[in-house]
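Notes to accompany the following structure.
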Amino acid sequence: MNLARSRGAIAGIGELKPTRRTEGRTTLEMIAEVSRLAVLDAGLEPGHIDGLLVGPQVGETPQHVPATVAEYLGLKPDMANVVDLGGASGAGMIWRAAAAIEAGMCETVLCVLANTREEVPARSPNRNPIREFDVPFGASGANISYALLMQAHMAEHGSSPEDFAAIAAWARSNAQLNPDAIFHGKPAGIDDVLASPMVASPLHLLEIVMPVAGGEAVVVVSAKRARQLAKPAVHLLGAGEKVTHRAVSQAPSLTSGPLKPAMGRAFAQSGTSAAEMSLLSLYDCYTIMVATTIEDAGLCAAGQFGQWVRDHDLGPAGEAPLNTHGGQLGFGQPDLAGGMTHVVEAVRQLRGQATGRQIGNARLALVTGNGATMSEATALVLGADQ
7 MNLARSRGAI AGIGELKPTR RTEGRTTLEM IAEVSRLAVL DAGLEPGHID
57 GLLVGPQVGE TPQHVPATVA EYLGLKPDMA NVVDLGGASG AGMIWRAAAA
107 IEAGMCETVL CVLANTREEV PARSPNRNPI REFDVPFGAS GANISYALLM
157 QAHMAEHGSS PEDFAAIAAW ARSNAQLNPD AIFHGKPAGI DDVLASPMVA
207 SPLHLLEIVM PVAGGEAVVV VSAKRARQLA KPAVHLLGAG EKVTHRAVSQ
257 APSLTSGPLK PAMGRAFAQS GTSAAEMSLL SLYDCYTIMV ATTIEDAGLC
307 AAGQFGQWVR DHDLGPAGEA PLNTHGGQLG FGQPDLAGGM THVVEAVRQL
357 RGQATGRQIG NARLALVTGN GATMSEATAL VLGADQ
């Protein structure tokens with residue numbers, strides 16, 4: 007691995023243990039808590055932070071989000087922005103932070119996402135065209151849309167319910183090695199997944215993420231500055247991004263998504279391939295998302311993910327570790343921060359700090375993010391320090 011390709015480095019990480027509900031807490035409070043953890047982990051002081059990337063805050067801070075967060079944290083950044091790519095926001099923040107540093111806008115960027123989860127979740131008006139052209143015909147909500155993608159894959163390639171259920175079973179298996187996972191202590195095999203309630207045919211309950219409250223944060227610095235810090239950093243070697251649509255009715259394909267070109271660009275920039283990855287940290291809101299990503303990454307031919315999963319051990323001691331923290335299917339999905347969990351786990355593994363689930367000699371990780379209905383895609387190749 008050639009770290010001369012480094013486009014920036016992740017120097018610190020923070021994570022809040024997911025919970026099913028929060029009472030009397032605000033998103034800003036959780037952002038502050040997880041940001042503090044990331045800055046401390048980097049061995050830095052708040053005054054070192056001169057860049058800030060945050061996500062949208064539905065129902066709490068509809069406008070001026072970077073200014074609100076900066077004020078609350080006592081920061082005065084030279085660069086600040088909102089990254090709004092749904093589940094791809096976390097991964098999308100990393101390369102944007104590195105690009106801002108390379109452009110000379112700042113030196114140390116805090117990337118943070120967090121959310122509360124209350125009994126009655128906050129909502130905001132939505133006048134997106136999807137409300138006029140898709141929802142009235144039944145494509146209402148993510149479950150229905152991803153079920154459509156799953157049906158299309160089964161119809162085109164002959165994939166079976168067991169193929170998809172195996173992905174969820176592996177997520178639960180890996181979650182048993184992560185005490186912070188929402189499903190720690192609750193394993194589920196393929197039969198358990200298939201026996202769970204049908205939510206939107208052919209999607210079963212255990213193939214769908216569990217929404218939770220939580221937060222994730224990372225601190226991105228230049229490769230040069232990373233060498234001056236006490237802890238080993240994790241380097242951004244390649245990145246790719248692609249947005250193709252918003253509504254599933256406008257998707258160019260129902261069986262291949264924008265992650266295919268995004269991953270292709272990340273591999274090209276880093277001079278690597280999917281087969282070289284020590285860890286696959288793949289966005290997994292639904293089992294169909296993982297299945298499509300495996301195929302689009304070139305790990306197997308289109309329609310063959312089921313056989314690929316059967317042929318590989320996806321645990322941390324296996325030959326193809328996949329979502330060793332349990333993924334969002336096992337760890338939980340703290341809203342937009344769910345995508346950042348894949349970044350944080352990759353950093354832990356590449357630092358050699360994933361206690362109880364450490365991959366041997368972890369050198370490279372593929373991280374993917376996905377927003378809307380296989381619509382917004384970001385891919386990162388991360389490399390361990392040498």
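Mind the numbering: the sequence shown is residues 7 to 392 in this note's numbering, read in order.
Beta carbons: idealized from backbone N, C-alpha and C, even for Gly.
Coil, strand or helix - Met-204 by DSSP: strand
Alpha carbon of Ala-109 to alpha carbon of Arg-11, nearest angstrom: 16 Å
Gly-221 and Ala-343: beta carbons closer than 7 Å? yes
Do you know whose CA, among Arg-357, Ala-201, Gly-389, Thr-347, lies nearest Gly-93's CA? Thr-347
Our contact map puts Gly-14 next to Ile-107 with C-beta atoms below 8 Å; I'd like the distance itself, whole angstroms only. 6 Å
Do Leu-59 and Met-99 count as a contact pair if the criterion is CB distance below 7 Å? yes
His-159: buried (16+ other C-beta within 10 angstroms of its C-beta) or exposed? buried
Is it right to say Val-387 is buried, meaning 16 or more other beta carbons lie within 10 angstroms of its own, or is it exposed? buried
Looking only at C-alpha atoms, which of Gly-375, Ile-16, Gly-30, Leu-43 sits nearest to Lys-23? Leu-43
Would you report the Cα separation of Cys-117 and Val-226, rounded to the nearest angstrom? 8 Å
Beta-carbon within less than 8 Å of Glu-124's beta-carbon, same chain only, minus the 5 sequence neighbours each way: which residues are those? Arg-27, Thr-28, Glu-29
Given this structure, state the Cα-to-Cα distance separating Ala-73 from Asp-84, to the nearest angstrom. 11 Å
Cβ separation of Val-353 and Ile-19, assumed to be a contact under 8 Å, to the nearest whole Å: 5 Å
For Thr-33, the three-state DSSP class (helix, strand or coil): helix
Beta-ladder partner(s) of Ala-245, from DSSP: Leu-386
When burial is assigned at 16 or more other CB atoms within 10 Å of the CB, is Gly-144 buried or exposed? exposed
Close-in-space but distant-in-sequence residues of the same chain around Gly-389 (CB under 6 Å, 5 per side omitted): Met-7, His-241, Leu-243, Leu-370
Which parts of the segment 210-239 are runs of the beta strand (DSSP E), unbroken and 3 residues or longer, counting only runs that do not cross its ends? 220-227
Looking at Gly-312: is its Cβ nearer than 7 Å to the Cβ of Ser-165? yes
Straight-line gap, Leu-155 to Ser-146 (C-alpha atoms, nearest Å): 14 Å
Nearest by alpha-carbon distance to Gly-345: which of Gly-332, Ala-308, Val-75 is it? Gly-332
Considering Cα atoms alone, identify which of Ala-120, Ala-104, Asn-329 is closest to Ala-232. Ala-104
For Gln-339, which of helix, strand or coil comes out of DSSP? strand
State the start and end residues of the unbroken beta strand (DSSP E) segment that holds Val-373. 370-377
Between Val-218 and Leu-211, is the Cβ-Cβ spacing less than 7 Å? no
Determine the DSSP secondary structure at Thr-114, reduced to helix, strand or coil. strand
Nearest by alpha-carbon distance to Asn-180: which of Pro-322, Leu-79, Leu-288, His-70 is it? Pro-322
Identity of the residue in Thr-293, Cys-291, Ala-253, Gly-246 nearest Gly-277 by Cα: Gly-246
Going by C-alpha distance, which of Tyr-289, Ala-86, Pro-264 is nearest Ile-173? Tyr-289
Please report the straight-line C-alpha distance between Asn-367 and Pro-62, rounded to a whole angstrom. 37 Å
Out of Leu-34, Val-40, Leu-335, which has the shortest C-alpha to C-alpha gap to Ile-440? Past the boundaries of the shown model lies residue 440; the chain is included only from 7 to 392, so the question cannot be answered.
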